[in-house]
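Heads up: the sequence shown begins at 2 in the working numbering, then just goes up one per residue.
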Amino acid sequence: MNLFEQGIMSQIEGICGMLEMLPLDDKVEMLNKIRQRLHKSSPFKDEPVDLVQWVESERIFGNEYNPNKVAPPEMQLLERSITEDGYTQPIVGYQSKDGVEVVDGFHRHRVGKESKKVKGRVHGYLPVTSIKGDRTNIKDRMAATIRHNRARGVHGVIPMADMVGELLKHGWNDTEIAKELGMDADEVLRFKQNLGMPELFKDHEFSPAWE
C-alpha cells in the first residue's frame with residue numbers, strides 16, 4: 002500500500018470512528034449517504050447491485066401486479082434461510098413518492114416485516130437496491146418483475162396470462178412482449194388464449210392452419 006492509499010485508509014478509519022458516536026438511525030442514514038457517494042465513483046455504477054441501501058421496512062410495499070406465489074413450506078424455508086444465513090440478496094425496488102415499491106423480493110420483504118427475530122436483528126430496516134433510473138414506467142417495472150421471476154421458474158401459467166393481458170392493455174404489442182419477457186410468438190398467443198378476451202385478437206393475423 003503506497004502513501005496515497007494509506008492516506009485514504011486513514012481518513013476512512015477517522016470517519017468510522019465518528020460514525021460510532023451516532024445514534025442508530027442517524028448512523029444508517031449517514032452510511033447510506035456515504036454509499037451513494039462511493040457509488041458515483043465506482044466503475045460499476047451502472048449496475049444496481051453496486052449500491053445497496055438500508056431502508057425502513059415500513060417504507061417498502063408490494064406492487065399490485067406480481068403473480069409470484071410462495072407456498073407456506075417454501076415461505077418457512079425462506080424465513081429460516083434469512084434467519085440462519087442473513088440477507089444474502091437485497092430487495093429490488095423502485096423509488097416512488099410513497100416509498101419503495103417492490104419489483105423483486107416481495108417475500109424477502111415480508112420476512113423482514115413479519116419475522117420478529119429477523120426484524121429485530123436488522124433493526125426494522127431492509128436491504129434495497131433500485132432498478133435502473135430509466136425503468137420508471139409501470140410497463141418496464143412489470144416486465145422487470147416477470148423477468149426476475151421467470152429466471153427462477155416461479156411464474157404460473159394463469160398469473161402469467163394475466164400479466165400478458167395487463168401489458169397488452171398498457172399498449173405493448175405481441176412482439177414487444179415476446180422480446181422483453183423471453184417468449185416466442187406462440188407462447189404469447191397461448192397466454193392470450195388463456196385470457197379468453199376476444200378483443201386481444203382483433204389485430205392478430207392467424208395462419209392458414211387456424212382457418
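Yeah, the Cβ is synthetic: ideal placement off N, Cα and C, and Gly gets one too.
Since we're looking at a predicted model, the values are computed, not measured.
Strand pairing of residue i, partner residues [DSSP]
i	result
P128	W55
Y88	Its beta-bridge partners do not exist; DSSP assigns none.
V103	G94
Outcome for residue i when other beta-carbon atoms lying within 10 angstroms are tallied against a minimum of 16
i	result
T130	buried
V50	exposed
V144	A small fix is needed here, since residue 144 is Ala in this sequence, not Val. Looking at its Cβ environment, which holds 16 or more other Cβ atoms inside 10 Å, A144 is buried.
T146	buried
P128	buried
G106	buried
K1	The displayed coordinates of the chain run from 2 to 212. Any statement about residue 1 would go beyond what the structure contains.
M184	buried
F202	Only weak support exists for where F202 lies, its pLDDT of 48 falling under 50; the coordinates are left without a value.
L4	exposed
I13	exposed
G157	The predicted model places G157 with a pLDDT of 47, which falls under 50 and marks its position as unreliable; any figure quoted below should be read in that light. G157 comes out exposed.
Residues near residue i by beta carbon distance below 8 Å, same chain, minus five either side
i	result
L20	K28, M31, L32
I16	I35
M10	M2
Q37	L52, Q54
Sequence-distant residues of the same chain with beta carbon closer than 6 Å to residue i, five excluded per side
i	result
Y95	E102, V104, I132, R142
S58	G113, K114, G125, L127
H171	K140
L182	I147
T176	none
Reference residue i; option with closest CA among the options
i	options	result
D163	V93, T176, L190	L190
I92	R122, P24, H124, V56	V56
I61	R109, R81, P73, F45	R109
H124	P24, I13, F5	P24
K117	R81, L168, K140	R81
W230	Q194, R148, I139	Limits of the chain in this structure are 2 at one end and 212 at the other, which puts residue 230 out of reach.
G87	L182, P73, V119, F192	V119
G121	M76, I83, N64	I83
G63	E188, L182, M184, D99	D99
Contacting residues, own chain, Cβ-Cβ under 7 Å from residue i (five flanking each side not counted)
i	result
S43	D51
R111	none
Beta carbon proximity, residue i to chain E, threshold 8 Å
i	result
M164	No chain E is part of this structure, which consists of one protein chain only.
**Message:** Could you tell me which whole alpha helix (DSSP H) segments of length 4 or greater appear in the region 7 to 68?
**Reply:** Listed in chain order, the complete alpha helix (DSSP H) runs (minimum 4 residues) inside the region 7 to 68 are 25 to 41.
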